[in-house]
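Have a look at this one:
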């Protein structure tokens, strides 16, 4: 009798499982997963888009899955999400495009849906995480010659990118030095704009105060170039500025790395002609490479108090070797630095 009751309890009629919420994102079975995730990325519901953009990165972890997702048309859906009004969607879409850019098939798909122009436009996005993700995606994509040629074909991409590098460096300077340097930067902007408009200030000339420009002086904002003006206008409207100078310098380093990849990879006259159209481009590149921003703090090294110095800028040595960090220390202190390619180095110096 007990066995019969147990059998009836196990096989009795049970109600259907409760349906999932309409915003739930589940993985499809085998090959159905890729068209399903593409349709969910294109959903009109914000929550579904956010969840599907996160799920697609987990889905594209393996090379085979990445190829199948690109074949299913995920690239065009991600590029469209880069124009989304929501910051989270744009950030996750840029992160996913970085994964797509690992394959040449993905690069062809990005170029086919005009994604390179959208990524370059995202470098001046109002959200700092979106800008960081777009820089990473462009750096990854510029490993391929087809993407480098497409960026040069945009005509305005290289001058805009160069202007953003200068603006990011200026932001890092203003964060490190405080209001004093910020006032100096504003004053120098007025001098440069006045000198350019009146024709009294030319590259290599002495400034209005009669002092020769030094490597540590303020970098020329290139105010008379249209792409520089457009980039500066967008940058001034940003809702969220960098919280740390390291983040701004990291984006500047990524921008220089993109320029280096384009120039070294193509070695054609068009890319050089676009950059040389920017006023004082060689002087600005020299200043960026020699810029060494240091913060001093009282240290307690061995054998007495010493000065601890930290290098946050870009050095000439780190232009060709991105993984090489700047190392310097005094008085038994330790120094840390970040190289142009995002590498980090640590070293100890003896006073």
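Residue numbers (full-length UniProt numbering): 1 to 351. Don't be surprised by glycine CBs; every beta carbon is placed ideally from N, CA and C.
Endpoints, alpha helix (DSSP H) assigned at residue i
i, result
"residue 108", "104-112"
"residue 8", "2-10"
"residue 119", "115-122"
Contact set for residue i: own chain, Cβ-Cβ below 7 Å, skip 5 residues either direction
i, result
"residue 11", "none"
"residue 239", "Bear in mind that a pLDDT of 42 at residue 239, under 50, signals an unreliable position, so the number given afterwards is only what the model happens to contain. Cβ neighbours of residue 239 beyond the five flanking positions: 126."
"residue 87", "127, 130"
"residue 73", "38"
"residue 155", "274"
"residue 25", "40, 48, 51, 52, 55"
"residue 113", "75, 76, 79"
Cβ-based neighbour list, residue i, same chain, cut-off 8 Å, excluding 5 preceding and 5 following
i, result
"residue 179", "Its pLDDT being 46, under 50, residue 179 is placed unreliably in this model, and the value from its coordinates should be taken loosely. Here the set comprises nothing."
"residue 150", "111, 116"
"residue 161", "120, 123, 255, 258, 259"
"residue 108", "146"
"residue 2", "none"
"residue 70", "100, 103, 105, 106, 109"
"residue 45", "22, 23"
"residue 373", "Residue 373 is absent from the structure shown; the chain starts at 1 and stops at 351."
"residue 158", "151, 152, 259, 262, 271, 274, 275"
"residue 63", "103"
Same chain, Cβ closer than 6 Å to residue i, five either side skipped, listed in chain order
i, result
"residue 133", "91, 94, 95"
"residue 142", "148, 258, 261"
"residue 23", "47, 48"
"residue 4", "none"
"residue 31", "none"
"residue 27", "33"
"residue 81", "89, 93"
"residue 16", "none"
"residue 60", "66, 69, 99"
"residue 18", "none"
"residue 36", "28"
"residue 14", "none"
"residue 20", "none"
8 Å contact criterion, which residue i and residue j should meet: CB distance rounded
i, j, result
"residue 34", "residue 68", "5 Å"
"residue 271", "residue 152", "5 Å"
"residue 102", "residue 140", "7 Å"
"residue 137", "residue 105", "The Cβ separation is near 16 Å, so there is no contact."
"residue 165", "residue 247", "Wrong, their Cβ atoms sit about 14 Å apart, outside the cutoff."
Test: residue i CB closer than 8 Å to a CB of chain D
i, result
"residue 30", "Here there is only one protein chain, and chain D is not present."
Extract the residue ranges of the beta strand (DSSP E) inside the region 18-88, only unbroken runs of 3 or more that lie entirely within it. Counting only unbroken stretches of 3 or more residues, no beta strand (DSSP E) element lies wholly within the region 18-88.
Any chance you could list the alpha helix (DSSP H) runs of at least 4 consecutive residues sitting entirely within the region 133-177, in chain order? 145-153, 157-177
Using 8 Å as the threshold, is the region 49-69 in touch with the region 8-22, meaning 3 or more CB pairs across them? For the pair of segments examined, the region 49-69 was found not to touch the region 8-22: the number of CB pairs separated by less than 8 Å stays below three.
Inspect the CB distances between the region 77-92 and the region 38-45 and report whether three or more fall short of 8 Å. In the pairwise beta carbon analysis, the region 77-92 is classified as touching the region 38-45: at least three pairs are separated by under 8 Å.
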